[in-house]
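Presented below is the structure to which this report refers.
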Amino acid sequence: KSPPLLAVNNIEVIYDHVILVLKGVSLEVPEGKIVALLGANGAGKTTTLKAISNLLRAERGEVTRGSIVYKGRRVDALSPAALVKMGVVQVMEGRHVFGHLTVEENLLTGAYTRRASRTEIRRDLELVYSYFPRLKERRNALAGFTSGGEQQMTAVGRALMARPTMILLDEPSMGLAPQIVEEIYEIVKHLNQSEGVSFLLAEQNTNVALRYANYGYILENGRVVMDGEARTLADNEDVKEFYLGVS
Ligand code: ATP
């Protein structure tokens, strides 16, 4: 078995020096796979993603134990920008587009860590527009005035401009109509299958996540309580009862 693209080994995360939120979380993302991180609100999904992309410091959070290994190298101490250069990009929860910039300007900000020529960036922009024709139509609109679905697409498109190997996607379905959620996930699937982008996605919508992911981890209270192939999890009676709302 080849080593995973990303391995999180038994990490503990503490906020404000006292609030223990992750109590030893381990997970793996194999190259070319879609892995879902599931669990209720507050279980620790966002914290896990932020620990990986090193965005905890701004929230007074800290990884106090364990390690994070990407492509065989420890990345715990790297800055978010250094990680982006290595190909790991996070799309934050709530979309976080720059509302006062146009859709296209938002996309261009995604390329800032790259030393790419104008022509290259232009080509990547066209590639993003080929995935999201809607963004091309809306390219000159101020992002803050576009719909929730368009903002989520802009956030994913911006991540793509960094030419990622791996995308950490936080709660892509949040606040979106079911049909738009499917549209976003279809693009995730496409990027995975034709561009080989690996995904770790945090999602409260267990149903949709398990339909698109290869593998899933369920977090409860800062611990992984269950993991397995997505299909196996979707058939599991406890998962059905507690996370899929059927029994
Ligand atoms: P959500 O769906 O809300 O994003 P989540 O599973 O991603 O949920 P986290 O956001 O990681 O959960 O939060 C896990 C726990 O950590 C929660 O109890 C939350 O209150 C706490 N927490 C998150 N951020 C901070 C912070 N900056 N300071 C203190 N506690 C925090």
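So for the sequence shown, the numbering used here puts the first residue at 1; every next one is plus one.
We treat Cβ as the ideally placed atom computed from N, Cα and C, and that holds for glycine.
The structure presented is a predicted model; accordingly, all values stated were derived computationally and were not measured.
In or out: residue i buried (at least 16 other Cβ within 10 Å) or exposed?
i, result
"asparagine 106", "buried"
"alanine 143", "buried"
"threonine 119", "exposed"
"threonine 46", "buried"
"valine 18", "exposed"
"alanine 177", "exposed"
"tyrosine 112", "exposed"
"serine 67", "exposed"
"threonine 64", "exposed"
"serine 130", "exposed"
"arginine 163", "buried"
"proline 225", "The sequence given here places valine at residue 225; proline does not occur at that position. When all chains shown are included, valine 225 counts as exposed."
"serine 117", "exposed"
"arginine 138", "buried"
"alanine 58", "exposed"
"glutamine 151", "buried"
"aspartate 235", "exposed"
"serine 173", "buried"
"proline 3", "exposed"
"asparagine 10", "exposed"
"phenylalanine 145", "exposed"
"glutamate 104", "buried"
"asparagine 140", "exposed"
"glutamate 241", "exposed"
Along the chain, where does the beta strand (DSSP E) containing residue i start, and where does it finish?
i, result
"tyrosine 215", "215 to 220"
"alanine 64", "First, the amino acid is wrong: residue 64 is threonine here, not alanine. Here the beta strand (DSSP E) through threonine 64 covers 61 to 70."
How would you write the range of the alpha helix (DSSP H) that residue i sits in, first residue to last?
i, result
"serine 53", "45 to 53"
"leucine 142", "From DSSP, leucine 142 is part of no alpha helix (DSSP H); its letter is neither H nor E."
"arginine 211", "206 to 212"
"asparagine 192", "178 to 195"
"asparagine 106", "103 to 109"
So, helix, strand or coil for residue i, using DSSP?
i, result
"asparagine 9", "strand"
"tyrosine 15", "strand"
"arginine 163", "coil"
"aspartate 124", "helix"
"valine 97", "coil"
"alanine 36", "strand"
"methionine 226", "strand"
"aspartate 76", "coil"
"leucine 201", "strand"
"leucine 244", "coil"
"serine 130", "helix"
"leucine 56", "coil"
"threonine 146", "coil"
"lysine 23", "strand"
"glutamate 237", "helix"
Any beta carbon of chain B sitting closer than 8 Å to that of residue i?
i, result
"tyrosine 185", "Among the protein chains of the structure shown there is no chain B, as only one such chain exists."
With a threshold of 7 Å, establish whether the CB of residue i neighbours any heavy atom of the ligand PLP.
i, result
"alanine 36", "Because the ligand PLP does not appear in the structure shown, any question about it cannot be addressed here, the ligands present being the ligand ATP."
### Message
Check whether the segment 18 to 32 and the segment 217 to 233 touch, using three or more Cβ-Cβ pairs below 8 Å as the test.
### Response
yes
### Task
Take every Cβ of the segment 78 to 85, pair it with every Cβ of the segment 48 to 63, and state whether three or more of those distances are shorter than 8 Å.
yes
### Query
Using 8 Å as the Cβ pair cut-off and three pairs as the minimum, do the segment 142 to 162 and the segment 84 to 102 touch?
yes
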